[in-house]
């Protein structure tokens, strides 16, 4: 059995309540980065941050199931993830967060890549006239144009996302390759019905040197 096959089997254990999202994140890091993880204090800090974020507020299991089921019925209509969806992962590793009265943020995992997931965000609203799903766009900077930053909008984003329900800030750390020596960090603030870009940092050079994403070169603002 290959490493990826083992990972897939472990992720399916998410059906058991004792397997947390933090545990799955740790498994993914171990599979992609190996034993070097243990000797890297920066990686240990990354795991600690994951554990802190794993206790974030989410809606009840029943409500999340209902919202994700509604999303599944509208995948084609809304062109969610542009049709690139792995149902084995998306069903178990998607999340729903409260935004306010009858408003929810859906963090939908499209598929799991070699070392990070690909996500799409949607606004779910319950109204007297019915339920509504609105795909959201996120602003990023094209990795090819960092020397002359060009802001673009995307419907999905790759990386390790963290949404803080207290301040409604979404943070996404994106790796450009499995070694984690290059990538980007984006922070978004939820306002009204969309995410507004707060900060964007990037390390373009994949030079074998790891630094904290918070210390990447500032691209925006």
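Numbering (the UniProt record's numbering), first residue to last: 1 to 221.
Beta carbons: idealized from backbone N, C-alpha and C, even for Gly.
If you ignore the 5 residues before and after residue 220, its C-beta comes within less than 6 angstroms of the C-beta of 200, all in its own chain and listed in chain order.
Selection 72, 115, 191, 103 evaluated against residue 94 yields 72 as nearest (Cα-Cα). Short of 6 angstroms from the beta carbon of residue 196, and not among the five residues preceding or following it, lie these beta carbons of its own chain, in chain order: 189. The continuous beta strand (DSSP E) containing residue 188 extends over residues 183-191.
Our two residues, residue 112 and residue 129, have alpha carbons roughly 35 angstroms apart in a direct line.
In the DSSP assignment, residue 217 falls within the unbroken beta strand (DSSP E) covering 217-220.
The shortest C-alpha to C-alpha distance from residue 89 to any of 142, 107, 205, 101 is the one to 107.
Annotation for residue 181: 206, 207, 208, 209, 210 place their beta carbon closer than 7 angstroms to its own, counting only its chain and skipping 5 residues before and after.
Setting aside the 5 residues that flank it on each side, residue 74 is surrounded in the same chain by 80, 133, each with a C-beta closer than 8 angstroms to its C-beta; the list follows chain order. Distance from residue 116 to residue 175 at the Cβ level is roughly 6 angstroms; contact confirmed, criterion being Cβ atoms closer than 8 angstroms. According to the DSSP secondary-structure assignment, residue 126 is paired through a beta bridge with 131. Residues of the same chain with a CB within less than 8 angstroms of the CB of residue 169, apart from the 5 flanking positions on each side, are 163, 187, 188, 189, 190, 198 in chain order.
Burial state of residue 203 is buried, judged by a 10 Å Cβ sphere holding 16 or more other Cβ atoms. Using a Cβ distance threshold of 7 angstroms, residue 151 and residue 137 do not count as a contacting pair. In the assembly as shown, residue 184 is a buried residue. Its beta-carbon has 16 or more other beta-carbons within 10 Å. Scanning its chain for C-beta atoms nearer than 6 angstroms, with the 5 sequence neighbours on each side dropped, one finds around residue 218 the residues 201, in chain order. Within the region 83-129, the complete alpha helix (DSSP H) segments at least 4 residues long are 87-93, listed from N- to C-terminus.
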